[in-house]
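Data first, discussion second: the structure below is written as structure tokens.
Numbering (my numbering), first residue to last: 91 to 247.
Below, the structure written as structure tokens:
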């Protein structure tokens with residue numbers, strides 16, 4: 091999808107509803123599996139999604155989707171929670187094609203140290219989140235490639 095600007099066509103960089111986990115059942119089905127990877131503050135869960143009958147109309151059947159859980163217990167300030175969610179959505183959006191067919195849940199599991207990250211949206215916190223998300227989604231891409239290679243091998247047999 092492209093958006094026309096005054097000068098040229100620009101690719102749409104939105105994050106559509108079809109790319110999000112919205113229902114409790116969708117979150118539960120991903121949470122029921124063992125976590126794919128942990129970082130210092132986050133856990134990433136990953137589940138292969140078969141074609142589901144309740145797939146949104148604007149979604150392709152195997153489009154990657156993500157749900158983000160950032161509770162007040164671990165991030166008491168709304169500014170911090172929103173920063174984390176924005177960073178996670180952007181990292182996922184950039185890698186969405188490589189992660190097609192998978193549902194993910196990213197959950198904050200540990201509080202950030204108040205002494206180190208004094209401001210709610212400190213640039214240091216922003217950088218740390220980006221680094222941790224990159225590690226988690228690199229592992230997810232590796233697992234997705236491994237699954238595709240296995241599926242291709244099984245189809246070839």
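The beta-carbon is built from N, C-alpha and C at its ideal position, and this holds for glycine as well. Everything numeric in this text was worked out from a predicted model, so none of it was measured.
I need the straight-line Cα distance from residue i to residue j, nearest angstrom please.
i	j	result
residue 108	residue 190	12 angstroms
residue 143	residue 246	Any answer about residue 143 is weak, because its pLDDT of 48 lies below 50 and its placement is not dependable; what the coordinates show is given next. Going from the Cα of residue 143 to the Cα of residue 246 covers about 28 angstroms.
residue 242	residue 211	44 angstroms
residue 186	residue 153	8 angstroms
residue 244	residue 238	10 angstroms
residue 231	residue 188	6 angstroms
residue 226	residue 178	10 angstroms
residue 117	residue 240	26 angstroms
residue 123	residue 182	20 angstroms
residue 218	residue 200	13 angstroms
Does DSSP put residue i in a helix, a strand or coil?
i	result
residue 123	coil
residue 228	helix
residue 128	strand
residue 143	Interpretation of residue 143 is limited by its pLDDT of 48, a score under 50 that renders its predicted location unreliable; no figure is taken from the coordinates.
residue 79	In this structure the chain extends from 91 to 247, so residue 79 is not present and cannot be described.
residue 235	helix
Find the nearest neighbour of residue i within the set the options, judged by alpha-carbon distance.
i	options	result
residue 229	162, 125, 110, 114	125
residue 192	114, 112, 135	135
residue 161	234, 198, 185	198
residue 234	139, 121, 104	139
residue 213	170, 196, 181	170
residue 112	224, 167, 159	159
Could you spell out the range, first to last residue, of the beta strand (DSSP E) harbouring residue i?
i	result
residue 132	132-138
residue 197	192-198
Over the uninterrupted alpha helix (DSSP H) stretch that includes residue i, give me the two end residues.
i	result
residue 61	Lying before the first or after the last residue shown, residue 61 is absent from the chain, which here runs from 91 to 247.
Should residue i be counted as a contact of the ligand MN given a C-beta to heavy atom distance under 6 angstroms?
i	result
residue 135	With respect to the ligand MN, the structure offers nothing, as it holds no ligand at all.
With a threshold of 8 angstroms, are at least 3 pairs of Cβ atoms found where one atom belongs to the region 120-131 and the other to the region 203-214?
no
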